[in-house]
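Some notes on the structure that comes next.
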DNA sequence: TATTCGTGGAA
DNA sequence: TTTCCAAGAAT
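And the structure:
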């Protein structure tokens, strides 16, 4: 598969690892090779940049220093630790994995990628990363950096957005990886991908492995990696009802499935769930929302429009446009409402998504 | 296999 | 403002 002769492979490994020893990043999760530390950092780093992760990692280790602490934590505390990181199922799966470790593995981490893959939330990449970094198993850890680096070095033009492509890279990397220092090899590739071999403005002229980089030598570096582009986010309209019931805020908890699972927002209603014509007026929006509260929540809402422009928030594949209403709800039983009333003080304890922060900001801007 | 899961930064 | 990308996994 690989055309490189053994001496070139050895040369590449030595060059890469020497550079890593000299210039590898000093990151909080690199202070030791504890599997718990490696695991937490790898989950946080999924689809998330190092700079963003660092403060989250440090706080997470204070709050949940061990697998046992994580297994026993209340979910609200977990989600609060993850608030703002996104992909919230990651942290809920981490707790499931922690409990799985304690129940089925006597609290001992399995030490191979194959076994690690059986744990909840640990896919092919994370299994390879933990196995190589924590347990010195010579297995690849194919992340976005590895795709970028090796597609350029070897001019691999398989589409990296296709699930089957990962195996092509795993086969190649298995032949190149250092058997003596597989964890450092994989981490060196990540550091390389984050420095000299970035997606948009690579600086291969100064890269320690530029002489191994065939795409660079051919002047085709920016042609790699090959990926098909994603579809546009689908627009969805919502109305948000910023309201109190008595002295407390009325907060809704999202479903345990789907987007932003179990997080808290003010009541959010899709406009398509309201009885509205296409060219509705503000008063019709209010009337329809009040009717929805009565019908679905059995709550009596008096509402008015907020004189602010809508909040917009774009997710990976949805773009929300949210109109704001405010008002009061007559104190009543919340049996038909998925949520609760929360004092202003207690509000800070609830895990809330970024879009809710935007709703608060816009609301406060209207209140002077 | 294709879709569904967030958010922040850069251009 | 829009688009793309960043240490992916579950379904």
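In the UniProt record's numbering, the protein residues as written are 1 to 368.
Even for Gly, the Cβ is constructed at its ideal location relative to N, Cα and C.
Item	Value
Does the count of Cβ pairs from the segment 45–57 and the segment 67–77 closer than 8 Å reach three?	no
Hey, quick one: how far does the beta strand (DSSP E) through residue 239 stretch, first residue to last?	234–245
Three or more C-beta pairs closer than 8 Å, one from the segment 132–141 and one from the segment 202–216: is that the case here?	no
Buried or exposed for residue 327, going by 16 or more other Cβ atoms inside 10 Å?	buried
Measuring CB to CB, does residue 306 end up less than 9 Å from residue 293?	no
Look up residue 354 in the DSSP assignment and say whether it is helix, strand or coil.	helix
If we count Cβ pairs, one from each stretch, closer than 8 Å, do we get three or more for the segment 240–254 versus the segment 339–357?	yes
Taking all protein chains shown into account, do 16 or more other C-beta atoms lie within 10 angstroms of the C-beta of residue 304, making it buried, or fewer, making it exposed?	exposed
Are residue 242 and residue 299 closer than 9 Å when you measure CB to CB?	no
Going by other Cβ atoms of all chains shown within 10 Å of its Cβ, with 16 needed for buried, is residue 222 buried or exposed?	exposed
In the DSSP assignment, find the alpha helix (DSSP H) that holds residue 79 and state where it starts and stops.	75–82
Mapping DSSP to helix, strand and coil, what is residue 269?	strand
Report, in whole angstroms, the separation of the C-beta atoms of residue 102 and residue 71, which I expect to be a contact under 8 Å.	6 Å
Only counting the same chain, and skipping five residues up and downstream in sequence, which positions put a Cβ closer than 6 Å to that of residue 99?	71
How would you call residue 330, buried or exposed, if buried means at least 16 neighbouring beta carbons within 10 angstroms?	exposed
When you compare each of 288, 262, 55 and 281 to residue 274 by their alpha carbons, which one comes out closest?	288
Kindly give me the distance between the Cβ atoms of residue 139 and residue 128, rounded to whole angstroms, as I take these residues to be in contact under 8 Å.	5 Å
Taking Cβ positions, are residue 159 and residue 226 nearer each other than 9 Å?	yes
Buried or exposed for residue 367, going by 16 or more other Cβ atoms inside 10 Å?	exposed
Can we count residue 317 as close to the ligand PLP, meaning its CB is less than 8 Å from some heavy atom?	Inclusion of the ligand PLP in the displayed structure is not the case, the ligand content being empty and no account of it being possible.
Pick out the complete alpha helix (DSSP H) segments inside the UniProt domain "HhH-GPD" (44–195), 4 residues or longer, and give them in chain order.	50–63, 67–72, 75–82, 89–104, 113–116, 124–135, 144–154, 165–176 and 182–194
Is it right to say residue 114 is buried, meaning 16 or more other beta carbons lie within 10 angstroms of its own, or is it exposed?	exposed
Among 339, 262 and 125, whose alpha-carbon lies nearest the alpha-carbon of residue 382?	In this structure the chain extends from 1 to 368, so residue 382 is not present and cannot be described.
When the Cα atoms are used, what is the spatial distance from residue 186 to residue 83?	29 Å
Using the rule of at least 16 other Cβ atoms within 10 Å of the residue's Cβ for burial, across every protein chain shown, is residue 22 buried or exposed?	exposed
State the Cα-Cα distance for the pair residue 285 and residue 86, rounded to the nearest angstrom.	31 Å
How big is the Cα-Cα spacing for residue 369 and residue 15?	No answer is possible for residue 369: the residues shown for the chain start at 1 and end at 368.
Between the alpha carbons of residue 97 and residue 282, how many angstroms are there, rounded?	48 Å
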